[in-house]
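In the numbering used here, the protein residues as written are 1 to 99. Backbone N, C-alpha and C fix where the C-beta goes; we use that ideal spot for every residue, glycine too. Heads up, the thing below is written out as structure tokens.
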């Protein structure tokens, strides 16, 4: 990813805040992490990005024209190309890719 460290900084601040609200013996085992992380395979590197989940559902139709009894449910992730915190591009620039 780019020089942006916002995800790490935000997670650190949230972790510190939440741990501060717990008794010391409970805070010792506290862990937090981003959900919906994806590993992205690039040409020359492996990166981790956060994806925003979108759930959807619909009712499939049988060949006879009547709907199936149950809904079909699934989800996808939308990957960000700009940091939602600082606006910096999360894609590597051409200069960074060349090195």
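Residues that DSSP places opposite residue i in a beta bridge
i: residue 58; result: 72
i: residue 47; result: 40
Separation of residue j from residue i, as counted between CA atoms
i: residue 77; j: residue 53; result: 4 Å
i: residue 22; j: residue 30; result: 9 Å
i: residue 27; j: residue 8; result: 19 Å
i: residue 41; j: residue 34; result: 19 Å
i: residue 44; j: residue 70; result: 44 Å
i: residue 64; j: residue 39; result: 42 Å
Test item: CB-CB of residue i and residue j under 8 Å
i: residue 80; j: residue 49; result: yes
i: residue 14; j: residue 32; result: yes
Close-in-space but distant-in-sequence residues of the same chain around residue i (CB under 7 Å, 5 per side omitted)
i: residue 68; result: 59, 60, 62
i: residue 83; result: 4, 6, 90
i: residue 51; result: 36, 38, 77, 78, 79
Outcome for residue i when other beta-carbon atoms lying within 10 angstroms are tallied against a minimum of 16
i: residue 46; result: exposed
Cβ shell of residue i (< 8 Å), same chain only, five flanking positions each side left out
i: residue 74; result: 55, 56, 57
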